[in-house]
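Residue numbers (my numbering), protein chains in the order written: chain W, 167 to 312; chain R, 18 to 348.
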Amino acid sequence: MNKERYKEITSKIVPKEDKVKNGIIAFLVGGLIGFLGEIIVVVLENNFNVEHKDATSIMIVILIFIASLCTALGFFDNLVVKAKAGLIVPITGFAHAMTSSMLDYKKEGFVTGIGANAFKLTGSVILYGVVAAYVFGTIRYLFFGG
Amino acid sequence: MTINFNNVYIKEVSTVACKDEKEGNFGKLYDKTYDDYYAGCKTFEQAEIKMINDAVDTVIKKAGTKLDNIDVIIGADLLNQITPSAYASAQLNRPFLGVYNACASMCEEIIVGASLLQNKSISNVLCNVSSHNMTAERQYRNPVEYGCPKPKRSTFTVTGSAANILTKEKTNIKVSSVSIGTTTDMGVTDIYDMGSVMAPSAARTIYEHLKETDTSVDDYDLILTGDLGVYGKEILSVYMGEAYDIDLKDKLEDSACIIYDRKKQPHVKAGGSGPACLPLVAYTDVINRMKKGELKKVLLVATGALMSPTMNNQKLSLPSISHAVCLEVVR
Numbered sequence: 167m168n169k170e171r172y173k174e175i176t177s178k179i180v181p182k183e184d185k186v187k188n189g190i191i192a193f194l195v196g197g198l199i200g201f202l203g204e205i206i207v208v209v210l211e212n213n214f215n216v217e218h219k220d221a222t223s224i225m226i227v228i229l230i231f232i233a234s235l236c237t238a239l240g241f242f243d244n245l246v247v248k249a250k251a252g253l254i255v256p257i258t259g260f261a262h263a264m265t266s267s268m269l270d271y272k273k274e275g276f277v278t279g280i281g282a283n284a285f286k287l288t289g290s291v292i293l294y295g296v297v298a299a300y301v302f303g304t305i306r307y308l309f310f311g312g
Numbered sequence: 018m019t020i021n022f023n024n025v026y027i028k029e030v031s032t033v034a035c036k037d038e039k040e041g042n043f044g045k046l047y048d049k050t051y052d053d054y055y056a057g058c059k060t061f062e063q064a065e066i067k068m069i070n071d072a073v074d075t076v077i078k079k080a081g082t083k084l085d086n087i088d089v090i091i092g093a094d095l096l097n098q099i100t101p102s103a104y105a106s107a108q109l110n111r112p113f114l115g116v117y118n119a120c121a122s123m124c125e126e127i128i129v130g131a132s133l134l135q136n137k138s139i140s141n142v143l144c145n146v147s148s149h150n151m152t153a154e155r156q157y158r159n160p161v162e163y164g165c166p167k168p169k170r171s172t173f174t175v176t177g178s179a180a181n182i183l184t185k186e187k188t189n190i191k192v193s194s195v196s197i198g199t200t201t202d203m204g205v206t207d208i209y210d211m212g213s214v215m216a217p218s219a220a221r222t223i224y225e226h227l228k229e230t231d232t233s234v235d236d237y238d239l240i241l242t243g244d245l246g247v248y249g250k251e252i253l254s255v256y257m258g259e260a261y262d263i264d265l266k267d268k269l270e271d272s273a274c275i276i277y278d279r280k281k282q283p284h285v286k287a288g289g290s291g292p293a294c295l296p297l298v299a300y301t302d303v304i305n306r307m308k309k310g311e312l313k314k315v316l317l318v319a320t321g322a323l324m325s326p327t328m329n330n331q332k333l334s335l336p337s338i339s340h341a342v343c344l345e346v347v348r
C-alpha cells in the first residue's frame, strides 16, 4: 500500500475537530476577558483617578497577575481545556505559558531550572515581538515621520 | 522474524497504577494503586522510579523468591536515557539491561529475556516497564500545568509500572513464540495521531507472525494490541484487510480502548498509551482469564511510535515498530 492510499484510509477514520464550536467558545471567552479588562480600566479611571493610558497598563498587569496566580494554584490548565484559545490568545495565555514553564522546572533549581526554562514557550513571542517592533518602528520613522 | 521457544514460561506478574487507571475498567485488579501522580515522592520522575521499585518488589513477593535469584533485570520506559529504569536498577542491585522501543518495549523485553534464557547460566529474568503521564508530557509535549487542549485523536499516557519474571521452570503460561517487528514509516507527521502512526507496523508484525508460525487468526483466542486507541484499532482492521487480505474479526482488541472507562473518563480521548498500557491489561485481565481457562492462546502485539520531538521539528515523519509475543496455556 502506498502512502497516499494510507492517508485516504486514516482521514476517513480519524475524526475532525469541531472547529466552529471551538471558535465560538474561544470568541465568547476571549470577549469576556476583554470585557473584564474594560471594567478594570473604567473602575481605575473613575474611582482611582488614573489616566486612561496608565489604566490600560495597570489592567494588563492585573490580568497577568490573576492568570499566573490561577496557574500556580493549579486550575488554570483545566479552564484552558474548556475555554481553549479563548484563554490562550489574550495576555492571560502569555502569563499562563510562562508560569507553567517555571512551575514545571522549579525542582531543577533557580538557575538551571526556572531561569533556563521560563521562556521555553513564550521566548518566540518575545523575540518576534521585539523584531516586529523594530521593523515597524523603522518603517514608521522613515516613511511616516515618526 | 519469528523465534519459537520451548522452555520459557511466565512465573509471575505484577502491576501498579495511578488514580486514572484505578477508575478504569481493571482498577480492582492492580496489585497497588496510588492516589496522585507524586506517589509520595518529590517529583514525577522520582515517582516513576518508585513505581518501578514497587512493581519489582511485588512480583518478587508474589513469586515467593528473592532478588538474588534473578539473574538479569531488563528495564524500559519512555524517558530520555531510560532514566527511571536506570535509576531504579541502581537500587535493585542486580545485573541490568536497559532497552527502548517506546511503547513496544514490553514485548521487546520478553524477546530479549526469552533469548537470554536459552543460555545455561541464566534461569530467571525479570522484565519491568513503566510510563508516567506527567513525565511523558513534560518531555514530549508541553509543561504539565499548561493544559493545552487535546484533539479527539490524541491518547492519554498511562501512569503505572508492570513487571514479570520469565523462567525455565514449567508454569501454566508459556511464551511459545515471539516476532521481532520491522520499523515502518507511512508518512504520518501528526504527533497527536499515534494510532495512524502505529497501525501499519502492527499489521505487518501480525501478518509476519501468522505467516511464519503457519497459523491463522482463528487459532488465537485474542489478539491484543498495545496502544492504538479507538481510531488506530479501526485503521488496523481496515489496513489488515486491504494490505494483507486478513480479517481480524472479533479476535482483535486494543488495550488503549479498554484500559479506561472512556464514557466516564472523557479526558483520555481516544484511549490510553505508553509502554505500561499493554501490560496493565495483559498482566491483569488477560492473565486471569488464561488461568481460568477462558483464553488458551493469546497474541500480544506491543505497538510503539519511535517519536522524537527533534526530528518532528525537522519535519520528518514518525516511524513505528511493533513486536509480538504469543502466550499459551499449558497443563
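Just so you know, even glycine gets a beta-carbon here, dropped at the ideal spot from N, CA and C.
Cβ-Cβ separation, residue j to residue i (assumed contact under 8 Å), whole Å
i, j, result
"W:Val246", "R:Pro166", "7 Å"
"R:Ser194", "R:Cys343", "5 Å"
"R:Leu134", "R:Leu109", "At roughly 19 Å, the Cβ-Cβ gap does not stay under 8 Å, so R:Leu134 and R:Leu109 are not in contact."
"R:Val142", "R:Ile91", "7 Å"
"R:Asp244", "R:Leu295", "7 Å"
"R:Gly310", "R:Ala273", "Their Cβ separation, rounded to whole angstroms, is 27 Å, which puts R:Gly310 and R:Ala273 out of contact at 8 Å."
"R:Ser218", "R:Gly198", "6 Å"
"R:Glu29", "R:Ile139", "Actually they do not touch by this definition, with Cβ atoms about 17 Å apart."
"R:Val89", "R:Pro112", "5 Å"
Partners in chain W for residue i, counting only beta-carbon separations shorter than 7 Å
i, result
"R:Ser213", "Thr176 and Val180"
"R:Met203", "Lys169 and Tyr172"
"R:Asp210", "Val180"
"R:Ile252", "Ile175, Thr176 and Ile179"
"R:Arg155", "Asp270"
Candidates the options: closest to residue i by CA position
i, options, result
"W:Gly240", "R:Val73, R:Val161 and R:Thr201", "R:Val161"
"R:Val347", "R:Tyr26, R:Val73, R:Ile208 and R:Asn70", "R:Tyr26"
"R:Ile263", "R:Asp48, R:Ile240 and R:Tyr224", "R:Tyr224"
"R:Lys266", "R:Met257, R:Ala273, R:Ser272 and R:Ala34", "R:Met257"
"W:Phe285", "W:Asp220, W:Tyr300, W:Ser267 and W:Tyr294", "W:Ser267"
"W:Tyr347", "R:Lys49, R:Pro292, R:Gly57 and R:Ser254", "Here chain W comprises residues numbered 167 to 312, so residue 347 of chain W is not present and cannot be evaluated."
"R:Asp278", "R:Asn24, R:Leu227 and R:Phe173", "R:Phe173"
"R:Met215", "R:Gly291, R:Ile182 and R:His284", "R:Gly291"
"R:Lys190", "R:Thr230, R:Met307, R:Met328 and R:Tyr51", "Note on identity: in this sequence residue 190 of chain R is Ile, with Lys being the wrong assignment. The shortest C-alpha separation from R:Ile190 is found at R:Met307."
"R:Ala107", "R:Asn70, R:Thr75 and R:Gly81", "R:Asn70"
"R:Thr32", "R:Ile20, R:Gly41, R:Lys49 and R:Met328", "R:Lys49"
"W:Lys187", "W:Asp243, W:Lys250 and W:Ser234", "W:Lys250"
"R:Lys268", "R:Gly288, R:Lys332 and R:Ile240", "R:Ile240"
"R:Lys137", "R:Lys185, R:Ile275, R:Glu154 and R:Gly164", "R:Lys185"
"W:Gly281", "W:Leu194, W:Phe214, W:Thr265 and W:Val227", "W:Thr265"
Other residues of its chain near residue i: CB distance less than 6 Å, five sequence neighbours each side excluded
i, result
"R:Glu62", "Thr152"
"R:Pro336", "Thr200, Asp202 and Leu323"
"W:Gly289", "none"
Residue i: contacting residues in chain W (beta-carbon distance under 8 Å)
i, result
"R:Asp74", "Under the 8 Å cutoff, chain W gives no residues; its nearest Cβ is about 25 Å from R:Asp74."
"R:Tyr55", "Under the 8 Å cutoff, chain W gives no residues; its nearest Cβ is about 11 Å from R:Tyr55."
"R:Ala363", "Here chain R comprises residues numbered 18 to 348, so residue 363 of chain R is not present and cannot be evaluated."
Residues near residue i by beta carbon distance below 7 Å, same chain, minus five either side
i, result
"R:Asp302", "Phe43 and Leu46"
"R:Asp210", "Arg170"
"W:Ile179", "none"
"R:Pro168", "Tyr209"
"R:Val116", "Ile91, Ala93, Ser122, Glu125, Glu126 and Val129"
"R:Ala56", "Ala64, Lys67 and Met68"
"W:Ile308", "What sits at residue 308 of chain W in the sequence shown is Leu, not Ile. Excluding sequence neighbours, W:Leu308 sits near nothing in its chain."
Spatial neighbours of residue i in its chain, beta-carbon cut-off 8 Å, leaving aside the 5 residues before and after
i, result
"W:Ile230", "Ile257, Thr258, Phe260 and Ala261"
"W:Gly279", "Tyr271, Lys272 and Lys273"
"W:Gly200", "Pro256"
"W:His218", "Val207 and Glu211"
"R:Ile87", "Ile77, Arg111, Asn141, Val142, Leu143 and Ile182"
Neighbour list for residue i in chain R, Cβ cutoff strictly below 8 Å
i, result
"W:Gly240", "Glu162"
"W:Ser234", "Within 8 Å Cβ-Cβ: nothing; W:Ser234 doesn't reach chain R, min ~11 Å."
"W:Thr237", "Glu162"
"W:Ser290", "None at all; the shortest Cβ gap to chain R is about 13 Å."
"W:Lys273", "Lys59 and Thr60"
"W:Val246", "Tyr163, Gly164, Cys165 and Pro166"
Beta-carbon neighbours of residue i, restricted to chain R and to distances below 9 Å
i, result
"W:Val195", "What W:Val195 touches in chain R: nothing, since even the nearest Cβ is about 12 Å away."
"W:Leu269", "Pro160, Val161 and Glu162"
"W:Asp220", "Result: empty, since nearest Cβ-Cβ is about 31 Å, beyond 9 Å."
"W:Lys250", "Pro166"
Per-residue contacts from residue i into chain R (C-beta, under 7 Å)
i, result
"W:Ala158", "Here chain W covers residues 167 to 312 and nothing more, so residue 158 of chain W does not appear."
"W:Val255", "Simply none; closest approach about 12 Å."
"W:Glu183", "Pro168 and Lys169"
Heavy atom of the ligand COA within 7 Å of residue i beta-carbon
i, result
"R:Val73", "Among the components modelled here there is no ligand, and therefore nothing to report on the ligand COA."
Under 9 Å from the C-beta of residue i: neighbouring residues of chain W
i, result
"R:Glu270", "The premise fails here: R:Glu270 is roughly 17 Å from chain W at the closest Cβ pair, so nothing lies under 9 Å."
"R:Tyr248", "Thr176, Ile179, Val180 and Pro181"
"R:Ala217", "Per the sequence presented here, residue 217 of chain R reads as Pro, with Ala not at that position. Result: Met167 and Tyr172."
Which ranges does the alpha helix (DSSP H) cover as unbroken runs of at least 4 residues, wholly within the region 124 to 177 of chain R, from first to last along the chain? 150 to 157
Entirely within the region 192 to 248 of chain R and at least 3 residues each: give me those beta strand (DSSP E) ranges in chain order. 239 to 242
Which ranges does the alpha helix (DSSP H) cover as unbroken runs of at least 4 residues, wholly within the region 291 to 335 of chain R, from first to last along the chain? 294 to 298, 304 to 309 and 326 to 330
Just to confirm the assignment: which complete alpha helix (DSSP H) runs, minimum length 4, are found wholly within the region 222 to 267 of chain W? 242 to 249 and 251 to 254
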